[in-house]
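Residue numbers (the numbering used here), protein chains in the order written: chain Z, 98 to 329; chain D, 57 to 782. Step one of this worksheet: look at the structure below.
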Amino acid sequence: MPKIKAGVIVFPGTNCDRDTVAALTQTAGCSVDAVWYETKSLRQYQLIVIPGGFSYGDYLRAGALARFSPVMEALQEYTDRQGLVLGICNGFQILLEAMMLPGAMQRNTSLKFICRDVFVRVERNDTPFTLLYKRGDVLKIPIAHADGNYYGSGQTLADLEHSRQVVFRYTDAGGKTTGQSNPNGSLDNIAGLCTPAGNILAMMPHPERAADRVLGSDDGKKIFLSIKKALA
Amino acid sequence: MENLETILKELNLTPEEYRRIVDRTGREPNLTELWIFSAMWSEHCSYKSSRPYLRRMPSSGKNVLIGPGENAGVVSIGDGLALVFKMESHNHPSFIEPYNGAATGVGGILRDIFTMGARPVAILDSLRFGEPDDEKMRYLIDGVVAGIAGYGNCMGIPTVGGEVYFDAAYKDNILVNAMAVGVVRDDRIFLAKASGAGNPVFYVGSKTGRDGIHGATMASASFTDETAVLKPTVQVGDPFMEKLLMEACLELMKTDHIVAIQDMGAAGLTSSSVEMAAKGGLGIEIDLDKVPQREEGMLPYEIMLSESQERMLIIAKKGHEKAVEAIFKKWNLDVSEIGKLIGTREIIVRANGQLQARLPLDMLVDEAPVYTRYARMPASITAAATVNAAELIPEPKDYRETFLSLLSSPTIGSKRWAFEQYDHSVGTDTVIKPGADAALLRIKGTRKGIAMTTDGNARYTELAPFAGSEIAVCEAARNIACVGARPLAVTDCLNFGNPENPDVMWQFIESINGISAACLTMGIPVVSGNVSFYNETEGSSIYPTPVIGMVGLMDTLEQRITPGFKDNGDVIVLLGETLDECGGSEYLKLVAGKITGAPPRVSPETERRLVDLIGALNKARLVKSASDCSEGGLAVTLAQCAMAGGKGAKINIAWRYRPDLELFSESQHRIVLTAARRHLRRIETMAHSSRIPLTIIGAVGGKNLAIGKVFSVPVETMRVAYEKGL
């Protein structure tokens, strides 16, 4: 089987690019390029990942400046052709700023950066990113962000529900969505969203940090393996 | 020069130092030159009070690639790789402006690491605050923690460990010590030693502003009421800029375009240009008009002394200029050729087409003043040593209550409130996270693990600086051993009061001697470090606070040990001996509100045997969990092991002393480990041949930590107390 050709976008200030490249290579055997933010075409890739970090230092607003980078036009063209995009953490924020997904990120309710393992429940397994999970699986994955408090209007939330766009929700270890298990105040405990077509997934938790047992959990590994299977 | 006396005072130069400058140069220096002397001869840059003593520390060993004197120390870890690490203080700036003071402390230590060609992989922070019930202190604590988080998180370098102590001694002078660790290929280490007269000098990174102009001078004077007006001298950090600078430098260092590189830290352009040229036995000529500037109308001395952050000085190879410029332009950074190396050992500074300064380098560096300060043992030392701490402590009426208070005290309680604000999992290498005895990171592409910790209980050093410093080294080594690694090397950060005070100077010398003695006995070299003097406010000094940063190595991550209890029925063993040692303890402070008595006895030789024993037991795969005893003693260690493992324990101790004195004693050289019962015989034999006392104190199991008939507390109750936060 030929290797999946993946691109990991690097903006000035991105800092999870190397982690993401390593996870894609090790778990799914991808052939991965670090794609500089000035790149004008993404046509050669089967998968694009927008990794975590502080693109443009999170100045102005997390993800707000990255949106205007040259690569974003290429990304639009790439997604118009239903290319697969995974946005992690800052990648989620950028996808929201670029309006490729609805809603906005607010500061965590604690007003502080939070780095800890959380539990998320898999809400649907019919996306290319989650097909190796079962619905209701509970994953232990770390979060690390200051702005992960998802907000959408009542209408947005209803639309998301209607189009089954919520892929992950924060829960407790037993898979219950409780207030206590919501680390940042996200409405409806939303931790991950996809487009109605399912080709773009954005999530706040870092699956690349939960892809090897030695780091405490490999519950995120199946995201990369699912992509591999979907593209096979 | 007008008002010479006033100027010298402002520049923190003594009249004798001024005369020395005039005698040696044969003329009166101009103001720019005087500022250069002020910076280079400051305590911060010249180590004029500490240099003769620092040389006493053992700094060589078979793994040492680069010892003290460079930006950071370097030790080999095999496989063609090396660790680059150092710890540094940013105390004064953090007290004046906590967020930026702490943030730029992190920024500065990271630059020291990537200046040498290493990619930083971890940050640790050793913090000392006043008691947290004070409003001003809450502001400082919040600001410092947020500043560390703000900088490290944005850089994408995990903050994996450190310590926080609270004591009134730091009320007006908090300590912020940051340590960074990087990994480098051992054949790609870059130094600050210039070579090749005629080679161009490049300035890269942020533009120069007026921030931090008095930085090195500020770090070399005591606090007074007027310190508040120094606020504009605190540098402002821009971690985004530093991230770009780091990536650009690391990209540059994969090429063959440069001969030397140094970050602009304390005393900025002055110290970086002087030190690089001096190390190479050359001179340097710079044109300040070519320095990228953020403000207009800056005077030559302001440009020379600015401590604007995120800047580096690079000596490139002649003919490679275009290639160097291209890399920095790719990262949208300023890059400017500001001068060249010259064959004569002097620094020549020009601005506005005119000569501004011309000084011999030998004079600035090698001939900087060295002071043998008067040292005298403070009277308080003898007084404290005669106090019997146990007599100050009444037996608790309610053991359970006392135990829970201890567990929730700010210094002992969980530091989750701080470390969850730090990104500790970025980099995907953090195997043992903050909260254990030491942090452990993997090194991708190898099976190896690197352990790291910072330690320094300043109550002990206040009561007995020599012994307290030995304890700091011993505890660091024990922490490294408890995660399954073997100690490799030390960096230290020595925080003291005013060296012109004989009491302080005595503490300092005793402390250096203690660190040296312990490191020598244990065979652990000190490869880098930092001295921070003048930590006093209105004449009142902090506790003498030497902080030990230690790194360790394990051959394969399978050897890692964690503190949590593992399986019901496992036997709990105490290695080492408990004496009724509550002098300087957390327990004494809690119940009597006093810091007095003699600190616990210490023997680096015993520690060495203990560390070797744990290593041998681990190699034989006999250890299921391990954790050392430190503040709060055996009871606190048992609680931490129980909480980490989510399992209780039944403890039975044949009391030698009153139970509280035995449970909360801070006797050194002790480790609590658990093992399968069938291995007990072997463990006993090995401990016996290492001459380490061994006591079987109980077994893992149940929902409570039950200590004989003394108390029994559910693990979840302990967790509530422990995780209470500030």
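For glycine and all other residues, C-beta sits at the position ideal for the given N, C-alpha and C.
Close Cβ partners of residue i (< 6 Å) along its chain, the five nearest in sequence each way excluded
i, result
"Ser-106 (chain D)", "Val-587"
"Ser-283 (chain Z)", "Asn-246, Tyr-247"
"His-376 (chain D)", "His-313"
"Phe-564 (chain D)", "Phe-552"
Cβ pair residue i, residue j closer than 7 Å
i, j, result
"Gln-365 (chain D)", "Gly-163 (chain D)", "yes"
"Glu-99 (chain D)", "Phe-589 (chain D)", "yes"
"Gly-157 (chain D)", "Val-290 (chain D)", "yes"
"Pro-293 (chain Z)", "Gly-249 (chain Z)", "no"
"Thr-482 (chain D)", "Gly-217 (chain D)", "One point to set straight first is that residue 482 (chain D) is Val, not Thr, in the sequence displayed. Result no, Cβ atoms of Val-482 (chain D) and Gly-217 (chain D) do not sit closer than 7 Å."
"Glu-633 (chain D)", "Pro-749 (chain D)", "yes"
"Met-360 (chain D)", "Thr-326 (chain D)", "yes"
"Ser-150 (chain D)", "Asn-233 (chain D)", "no"
"Val-771 (chain D)", "Tyr-455 (chain D)", "no"
"Val-692 (chain D)", "Ile-488 (chain D)", "no"
"Ala-316 (chain D)", "Met-332 (chain D)", "yes"
"Pro-602 (chain D)", "Ser-572 (chain D)", "no"
"Leu-231 (chain D)", "Asn-535 (chain D)", "no"
"His-480 (chain D)", "Thr-215 (chain D)", "yes"
"Ala-243 (chain Z)", "Phe-210 (chain Z)", "yes"
"Val-560 (chain D)", "Leu-496 (chain D)", "no"
Neighbour list for residue i in chain Z, Cβ cutoff strictly below 7 Å
i, result
"Lys-299 (chain D)", "Gly-110, Asn-112"
"Gly-483 (chain D)", "Asp-116"
"Arg-677 (chain D)", "Residues of chain Z passing the Cβ test: none, with the nearest at roughly 18 Å."
"Val-487 (chain D)", "Val-311, Leu-312"
"Ala-205 (chain D)", "Phe-210"
"Lys-500 (chain D)", "Ala-119"
Cross-chain neighbours of residue i in chain Z, by beta carbon under 8 Å
i, result
"Leu-613 (chain D)", "Val-311"
"Met-477 (chain D)", "This sequence places Gln at residue 477 (chain D); Met is not what is there. Correct list: Lys-209, Phe-210, Ile-211, Cys-212."
"Asn-388 (chain D)", "Pro-109"
Neighbour list for residue i in chain D, Cβ cutoff strictly below 7 Å
i, result
"Phe-151 (chain Z)", "Cys-210, Phe-296"
"Pro-239 (chain Z)", "Ser-481"
"Arg-306 (chain Z)", "Ser-481, Thr-484"
Residue(s) in a DSSP beta bridge with residue i
i, result
"Ser-588 (chain D)", "D:Asn-551"
"Lys-102 (chain Z)", "Z:Ser-128"
"Met-368 (chain D)", "D:Val-260, D:Asp-319"
"Phe-767 (chain D)", "D:Ile-763"
"Leu-402 (chain D)", "The sequence shown places Glu at residue 402 (chain D), not Leu. For Glu-402 (chain D), which the question treats as bridged, DSSP gives the partners D:Pro-416."
"Phe-475 (chain D)", "Phe-475 (chain D) pairs with nothing; no bridge assigned."
"Tyr-248 (chain Z)", "Z:Ala-201"
"Tyr-221 (chain D)", "D:Arg-184"
"Arg-26 (chain D)", "With chain D running from 57 to 782 in the structure shown, residue 26 (chain D) is simply not present."
"Cys-212 (chain Z)", "Z:Ala-241"
Close Cβ partners of residue i (< 7 Å) along its chain, the five nearest in sequence each way excluded
i, result
"Ala-174 (chain D)", "Val-140, Gly-238, Val-239, Val-240"
"Leu-60 (chain D)", "none"
"Ala-53 (chain Z)", "This structure cannot settle anything about residue 53 (chain Z), because the visible part of chain Z is limited to 98 through 329."
"Lys-650 (chain D)", "Leu-448, Leu-644"
"Leu-228 (chain Z)", "Asn-222, Ser-323, Lys-326, Ala-327"
"Met-699 (chain D)", "Val-771, Met-774, Arg-775, Tyr-778"
Cβ-heavy atom distance, residue i to the ligand MG, below 6 Å
i, result
"Glu-298 (chain D)", "Judged by which ligands are present, the structure shown has none, so any question about the ligand MG falls away."
Within chain D, the residues that residue i reaches when beta carbons sit closer than 8 Å
i, result
"Arg-164 (chain Z)", "In chain order: nothing, as chain D lies at least about 16 Å away."
Cβ shell of residue i (< 8 Å), same chain only, five flanking positions each side left out
i, result
"Ala-284 (chain D)", "Residue placement at Ala-284 (chain D) is poorly supported in this model, since its pLDDT is 49, which falls under 50; the coordinates are not used for a value here."
"Val-146 (chain Z)", "Ala-103, Gly-104, Val-105, Ile-106, Thr-117, Leu-121, Val-182, Leu-183, Gly-184, Ile-185, Gly-188"
"Ile-394 (chain D)", "Val-257, Phe-258, Tyr-259, Ile-342, Asp-343, Leu-344, Lys-346, Val-347"
"Thr-70 (chain D)", "Leu-64"
Chain D contact residues for residue i, given Cβ-Cβ distances below 9 Å
i, result
"Ala-161 (chain Z)", "In chain order: nothing, as chain D lies at least about 13 Å away."
"Tyr-134 (chain Z)", "Per Cβ cutoff of 9 Å: no residues; Tyr-134 (chain Z) is ~11 Å from chain D at best."
"Tyr-267 (chain Z)", "Per Cβ cutoff of 9 Å: no residues; Tyr-267 (chain Z) is ~15 Å from chain D at best."
Chain-ordered neighbours of residue i on chain Z, where CB pairs are closer than 9 Å
i, result
"Ser-759 (chain D)", "The residue asked about is misnamed: residue 759 (chain D) is Lys in this sequence, not Ser. Correct list: empty, because the minimum Cβ distance to chain Z is about 18 Å."
Per the contact definition of three or more C-beta pairs closer than 8 Å, is the stretch 544-556 of chain D in contact with the stretch 740-749 of chain D? Too few Cβ pairs lie closer than 8 Å, so no.
Check whether the stretch 233-243 of chain Z and the stretch 175-182 of chain Z are in contact - that is, three or more C-beta pairs closer than 8 Å. The stretch 233-243 of chain Z is not in contact with the stretch 175-182 of chain Z.
Could you tell me whether the stretch 595-611 of chain D touches the stretch 565-580 of chain D, where touching means 3 or more Cβ pairs closer than 8 Å? In this structure the stretch 595-611 of chain D lies against the stretch 565-580 of chain D, because at least three pairs of beta carbons, one per stretch, are closer than 8 Å.
Touch check for the stretch 165-174 of chain D and the stretch 431-446 of chain D: three-plus C-beta pairs under 8 Å? A contact is defined here as three or more CB-CB pairs under 8 Å, and the stretch 165-174 of chain D fails this definition with respect to the stretch 431-446 of chain D.
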